[in-house]
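Below: the structure, in structure tokens.
Numbering (our numbering), first residue to last: 142 to 469.
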């Protein structure tokens, strides 16, 4: 996790999906990667980062010949914790996996969910990505300085939308922005949406002053001219968005990235756990996935099994400490 500001710590970035169904051509029941009937849950609405990652991964796995007929389904609610609860209840189900990321870590804490990611089986962290600060094409704000200048005058009057619950990446990034600009995070009018898909309509309809979400979620809308990108939250400019400065080069000390991964239900056998990890490894190595990562502006952040579990534990602790630091 590459975070240079206190919060940034938290952001380690993006993403990703991981696990869908990555199935490999191996046919041996014990060592192969074929998992007939594999289902991949997306714990938010269609169009968000988890959804894009899951469906991209599923298609890539099938195109690469790694598996067949992976079912991707959405179970939104409470920042991803409805899906998390469902996953945990499927004890011992080796044919179910869930797309997730930093947003689920934060939602579990902010919603005081009875189940956390510590109750799941960690499979893989696949990607990370920067967030983008965006406005509608007809917004009065044309630069990040214009936006923050207006925001500082009356923070509560300019609502900021994000596709995650408090404690998630789309919440933490603007809170870090506020802190860096000298705005009290407590005064920020943050409006959470259940994924980037729901957020998009509010940005386009000018129901929020600006939005914060992952690069891959809004890249198409930015290129089409529907959204104007004012800044990116990471350490470097994004190749497909070279016109957008980083917050840091704009004078705001923020370096924040998000990540996404995949987890499975608790109680899996060692063979089932290893097979899901192998699926993630095969997907990660495929040319189809590498191409999708480039097209979506995702960075490689591959980590599996126990190492991913240790990362999840560290992220949970970081979310708690950052929210306390920000007074939230």
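We put the CB at the ideal spot given by N, CA and C, even for glycine.
Secondary structure, alpha helix (DSSP H): runs of 4+ residues fully inside the segment 191-277: As far as the segment 191-277 is concerned, its whole alpha helix (DSSP H) runs of at least 4 residues are 222-230, 243-251.
Could you check what DSSP says for residue 459 in three-state terms: helix, strand or coil? Of the three classes helix, strand and coil, the one that applies to residue 459 here is helix, per DSSP.
What whole-angstrom Cβ distance do residue 176 and residue 415 have, given they're in contact under 8 Å? In this structure residue 176 does not touch residue 415 by the C-beta definition: roughly 12 Å separates them, more than the 8 Å allowed.
Can you find at least 3 beta carbon pairs, one from the segment 375-392 and one from the segment 228-236, that sit closer than 8 Å? Here the segment 375-392 does not lie against the segment 228-236, with fewer than 3 beta-carbon pairs under 8 Å apart.
Kindly list the residues whose CB is nearer than 6 Å to the CB of residue 257, restricted to its own chain and excluding five residues on each side of it in sequence; keep chain order. Excluding residues within five positions, the ones whose Cβ falls inside 6 Å are 249.
Any idea if residue 374 is buried or exposed, counting beta-carbon neighbours within 10 angstroms, 16 or more meaning buried? When all chains shown are included, residue 374 counts as buried.
Under DSSP, the alpha helix (DSSP H) around residue 282 begins and ends at which residues? Where residue 282 is concerned, there is no enclosing alpha helix (DSSP H), given that its DSSP letter is neither H nor E.
Could you compute how far the alpha carbon of residue 395 sits from the alpha carbon of residue 310? So the two alpha carbons sit approximately 13 Å from each other.
Does residue 452 come out as helix, strand or coil in the three-state DSSP assignment? Residue state for residue 452 is assigned as helix, using DSSP reduced to three classes.
Could you spell out where the beta strand (DSSP E) holding residue 383 opens and where it closes? Unbroken run through residue 383: none, as it is neither H nor E.
How big is the Cα-Cα spacing for residue 252 and residue 347? The straight-line gap from Cα to Cα measures roughly 27 Å.
Can you pull the DSSP bridge partners for residue 351? Partner residues in the beta bridge of residue 351, as assigned by DSSP, are 301.
Taking DSSP's pairing of strands, which residues face residue 404 in a bridge? Looking at the DSSP assignment, residue 404 forms a beta bridge with 239, 263.
Does the Cβ of residue 255 have 16 or more other Cβ atoms within 10 Å, making it buried, or fewer, making it exposed? Residue environment analysis places residue 255 among the exposed positions, since fewer than 16 neighbouring C-beta atoms fall within 10 angstroms of its C-beta.
Terminal residues of the beta strand (DSSP E) in which residue 371 lies: Residues 368-373.
Which whole-angstrom value is the C-beta distance of residue 115 and residue 260, which I expect to be below 8 Å? There is no way to answer for residue 115, as the model of the chain reaches only from 142 to 469.
In DSSP terms, what residue 186 is bridged to: Looking at the DSSP output, residue 186 sits in no beta bridge, so it has no partner there.
Residue 411 burial status per 10 Å Cβ neighbour count (16 or more: buried): Classification of residue 411: exposed, given that the 10 Å Cβ count is below 16.
Specify whether the segment 296-309 and the segment 330-338 touch according to this definition: at least 3 beta carbon pairs, one from each stretch, less than 8 Å apart. Yes, since at least three Cβ pairs between the segment 296-309 and the segment 330-338 fall closer than 8 Å, the two stretches touch.
Using the Cα positions of residue 437 and residue 202, report the straight-line distance between them to the nearest angstrom. Answer to the nearest angstrom: the Cα atoms are 17 Å apart.
Do residue 266 and residue 385 count as a contact pair if the criterion is CB distance below 7 Å? Using a Cβ distance threshold of 7 Å, residue 385 and residue 266 do not count as a contacting pair.
Boundaries (first-last residue) of the alpha helix (DSSP H) holding residue 359: Bounds of the alpha helix (DSSP H) holding residue 359 are 356-364.
Limits of the unbroken beta strand (DSSP E) element including residue 333: Per DSSP, residue 333 belongs to the beta strand (DSSP E) from 331-333.
Decide if residue 369 is buried, meaning its Cβ has at least 16 other Cβ atoms within 10 Å, or exposed. By the neighbour-count definition (other C-beta atoms within 10 Å, threshold 16), residue 369 is a buried residue.
For residue 214, which residues from the same chain have a beta carbon less than 8 Å from its beta carbon, with the 5 sequence-adjacent residues on both sides left out? Closer than 8 Å at Cβ, skipping near neighbours: 180, 181, 182, 183.
Report buried or exposed for residue 435, applying the criterion of at least 16 other Cβ atoms within 10 angstroms of its Cβ. With fewer than 16 neighbouring CB atoms inside 10 Å of its own CB, residue 435 falls in the exposed class.
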